[in-house]
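Enquirer:
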Ligand SMILES: Nc1ncnc2c1ncn2[C@@H]1O[C@H](COP(=O)(O)OP(=O)(O)OP(=O)(O)O)[C@@H](O)[C@H]1O
Ligand SMILES: [Mg+2]
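Protein chains in written order, with the numbering used here: chain A, 1 to 250; chain B, 1001 to 1268.
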């Protein structure tokens, strides 16, 4: 085997679903100086352990208290101290869009959602804490090929997933993303997204900023002109109800 | 080994050649031996902007075909002895450029030069594809308007999938945004996209904003890369861009207004 040129017969990579254990960092105070001070104390206790450690920023506590924070500032401080933030949880709508702008995935936490919005959640959505459960139980492999894309999908590009498609970057106008299962986009959707491409009507599309040219589930579609202004430019969830596409803000 | 930089855009007339000439001169003036190649076969332009059009003997295609050596063909700049120009042919047809031929020339240049700047033709055809194929870094020149941004996005997709680095599974090309012909007043009037709007759509590291400036036309009429006009705003913008590319931390300039068309439409 030569180490230089890759063999053309073997695929160079493979995506598999995985779960990993990540420390969450619960923000308690809105004082950035205090935060940095305490952070330094913690690091001093175990510098090697914390260096380049991934961390999930948990905003539930701070939002419960109604404290206002500058998320970008906290993220900066974490990065300065060699943490690698990999997402936020329990953020408000505003915080979530800031997180997305900082390229941080948004993880939801029901307890912080306003009750009115909770009622609107369709029943098909799986309980949110499932992800955390699966951190303990190994994920079943049932032959479905999910796909993760971390780079922007550019105009003229097309991505197809036989299972779910998870994208942690924007989808440009003129790009097309297609999945036989669900589509999750942690970023702006400006192109076309088609879920349930083989007819699975319970497929869903999530995106954190809707500007789509077209969205479709199991062949039922809406083009940009048909999408109400009220849901444009917002994080949404798209589902199919009796051949009608339902677009709801989340 | 040289770093190969492609200056590309998709859309025509956005300022690729202006940029290629400026950054090549800028890198050379910083003491790095630099070659700049005109890939726009049939439409020679770079040699005019570099002011060396009357010294062209051989061209890029002659070198590819083995009709002349690189040494015979490269034109040494009169103002900076670290800068060399490889002109395009005006007479040949575009198919004369081949992947193997371009690869051979770049490999030979790489032995002697620190930077090789490739001035791409417009479009997403053969010429543009060859200009970017061997690149390590891409300067994506974009004007603050929807069609230019869209074409840059398209080109970014091609950089990510059709370059040598992509084909070999190597580290991807470093992509940088150069927002050119920017006019804060027109952004304010809602006639142009703002820096934020463009970055929002392209999600790309901004290497610099080049203002719309009369000095560009004056410089090109005088056969002078605009970066040598150190008093001009465009000249200063390119000096900054070269410095940032070389790793210096320079605050962005020439961005007065924040929100453009998109900002007006979408932000309440
Ligand atoms: N910052 C600027 N301000 C004003 N005019 C500019 C600026 N940059 C470029 N121009 C003008 O725009 C025109 C096109 O520039 P240039 O030739 O560099 O573009 P290009 O992308 O190389 O074009 P092509 O696609 O045809 O190769 C020229 O007339 C040039 O003078
Ligand atoms: Mg040109």
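No residue lacks a Cβ here, since even glycine has one placed at the ideal position from N, Cα and C.
Predicted model, so just to flag it, every value in this text is computed and none were measured.
So, do the region 1043-1055 of chain B and the region 1083-1099 of chain B have three or more beta carbon pairs nearer to each other than 8 Å?
Expert: Short answer: they touch.
Enquirer: Residues of the region 1196-1209 of chain B with a CB closer than 9 Å to any CB of chain A: list them in chain order, please.
Expert: Within the region 1196-1209 of chain B, the qualifying residues are 1200, 1201, 1202, 1203, 1204.
Enquirer: Under 8 Å, do residue 157 of chain A and residue 1157 of chain B count as touching if we go by C-beta distance?
Expert: Yes, these two residues count as a Cβ contact at 8 Å.
Enquirer: Round the Cβ separation of residue 1120 of chain B and residue 1016 of chain B to the nearest angstrom and send it over; I've been treating them as touching at under 8 Å.
Expert: That pair is a contact at about 6 Å.
Enquirer: Check each residue of the region 1156-1169 of chain B: if its Cβ is closer than 8 Å to any Cβ of chain A, include it; give the result in chain order.
Expert: So the list reads 1156, 1157, 1158, 1160, 1161, 1168, 1169, given in the order they occur along the chain.
Enquirer: Is residue 1040 of chain B near ligand 2, in the sense that its beta carbon is under 7 Å from a heavy atom of that ligand?
Expert: It does: the Cβ of residue 1040 of chain B is within 7 Å (strictly closer) of some heavy atom of ligand 2.
Enquirer: Strictly under 8 Å for the Cβ-Cβ distance: is residue 1153 of chain B near chain A by that measure?
Expert: Chain A contact via Cβ: present.
Enquirer: Would you say residue 1016 of chain B touches ligand 2, meaning its beta carbon is less than 7 Å from a heavy atom?
Expert: Residue 1016 of chain B: yes, Cβ under 7 Å from ligand 2.
Enquirer: Got a sec? Which residues, its chain only, sit under 8 Å from residue 208 of chain A by beta carbon, not counting five neighbours each side?
Expert: 96, 97, 100, 106, 185, 186, 187, 188, 235.
Enquirer: Nearest to residue 233 of chain A by CA position, among A/221, A/242, A/206, is which residue?
Expert: Selected option, being the one with the closest Cα: A/206.
Enquirer: Does DSSP classify residue 1248 of chain B as helix, strand or coil?
Expert: Three-state result, residue 1248 of chain B: coil.
Enquirer: In chain order, which continuous runs of the beta strand (DSSP E) of length 3 or greater are located wholly inside the region 189-245 of chain A?
Expert: The qualifying runs are 192-195, 205-210, 214-217, 220-223, 236-241.
Enquirer: Note down, in chain order, every chain A residue with its Cβ under 9 Å from the Cβ of residue 1150 of chain B.
Expert: Result: 155, 172, 173, 174.
Enquirer: Are any of the Cβ atoms in chain A nearer than 8 Å to that of residue 1213 of chain B?
Expert: Cβ-Cβ to chain A under 8 Å: no for residue 1213 of chain B.
Enquirer: Pull up the distance between the alpha-carbon of residue 1147 of chain B and that of residue 76 of chain A, whole angstroms please.
Expert: Answer to the nearest angstrom: the Cα atoms are 34 Å apart.
Enquirer: Does the Cβ-Cβ distance between residue 102 of chain A and residue 56 of chain A come in under 8 Å?
Expert: Contact flag unset, no.
Enquirer: Judging by CA-CA distance, which residue of B/1218, B/1198, B/1217, B/1219 is the nearest neighbour of residue 1209 of chain B?
Expert: The shortest C-alpha separation from residue 1209 of chain B is found at B/1198.
Enquirer: Could you check whether the Cβ of residue 152 of chain A sits closer than 8 Å to any Cβ belonging to chain B?
Expert: It does; some Cβ of chain B falls within 8 Å.
Enquirer: At a threshold of 7 Å, does residue 1212 of chain B count as lining ligand 1 (C-beta to nearest heavy atom)?
Expert: Indeed, a heavy atom of ligand 1 lies less than 7 Å from the Cβ.
Enquirer: Cutting at 6 Å between CB atoms, please list the residues of its own chain near residue 1038 of chain B, excluding the five before and the five after it.
Expert: Result list for residue 1038 of chain B: 1046, 1087, 1088, 1119, in chain order.
Enquirer: Would you please verify whether the beta carbon of residue 99 of chain A is less than 8 Å from any beta carbon of chain B?
Expert: With 8 Å as the cut-off, residue 99 of chain A does not count as an interface residue toward chain B.
Enquirer: Go through its chain and collect everything with a Cβ distance to residue 43 of chain A's Cβ below 7 Å, but skip five positions before and after it.
Expert: Cβ within range, chain order: 50, 81.
Enquirer: Tell me the rounded alpha-carbon separation between residue 92 of chain A and residue 73 of chain A.
Expert: Their Cα atoms are separated by approximately 16 Å.
Enquirer: Let me confirm a value: residue 1040 of chain B is counted as buried when at least 16 other C-beta atoms fall within 10 Å, else exposed. Which label applies?
Expert: Classification for residue 1040 of chain B: buried.
Enquirer: Name the DSSP beta bridge partners of residue 1206 of chain B, please?
Expert: B/1177, per the DSSP bridge assignment.
Enquirer: Quick check on DSSP: helix, strand or coil for residue 1253 of chain B?
Expert: It is coil, neither helix nor strand.
Enquirer: Below 8 Å on the Cβ atoms is my guess for residue 1255 of chain B versus residue 1195 of chain B; work out the distance and round it to an integer in Å.
Expert: Right, their Cβ atoms sit about 5 Å apart.
Enquirer: In the DSSP assignment, find the alpha helix (DSSP H) that holds residue 170 of chain A and state where it starts and stops.
Expert: Element bounds for residue 170 of chain A: n/a, residue is neither H nor E.
Enquirer: Could one say the Cβ of residue 12 of chain A lies closer than 8 Å to chain B's Cβ atoms, at least one of them?
Expert: Yes - at least one Cβ of chain B is within 8 Å of the one on residue 12 of chain A.
Enquirer: Who are the near neighbours of residue 1130 of chain B in its chain, counting only those whose CB is closer than 7 Å to its CB and skipping five residues on each side?
Expert: 1039, 1097, 1099, 1102.
Enquirer: Between which two residues does the alpha helix (DSSP H) harbouring residue 94 of chain A extend?
Expert: Here the alpha helix (DSSP H) through residue 94 of chain A covers 93-101.
Enquirer: Chain B beta carbons: is any one of them nearer than 8 Å to that of residue 252 of chain A?
Expert: Nothing about residue 252 of chain A can be read from this structure; chain A reaches only from 1 to 250.
Enquirer: Check residue 34 of chain A in the structure and name its three-state DSSP category.
Expert: The answer is helix: DSSP assigns residue 34 of chain A an H, G or I state.
Enquirer: Under 8 Å Cβ to Cβ from residue 1154 of chain B, same chain only, skipping five residues before and after it: list those, please.
Expert: Within the same chain, residue 1154 of chain B has close Cβ partners 1010, 1124.
Enquirer: Assign residue 147 of chain A to one of three DSSP states: helix, strand, or coil.
Expert: It is a strand residue.
Enquirer: Smallest Cα separation from residue 1236 of chain B: which of B/1014, B/1003, B/1004, B/1025?
Expert: Here the closest residue by C-alpha is B/1025.
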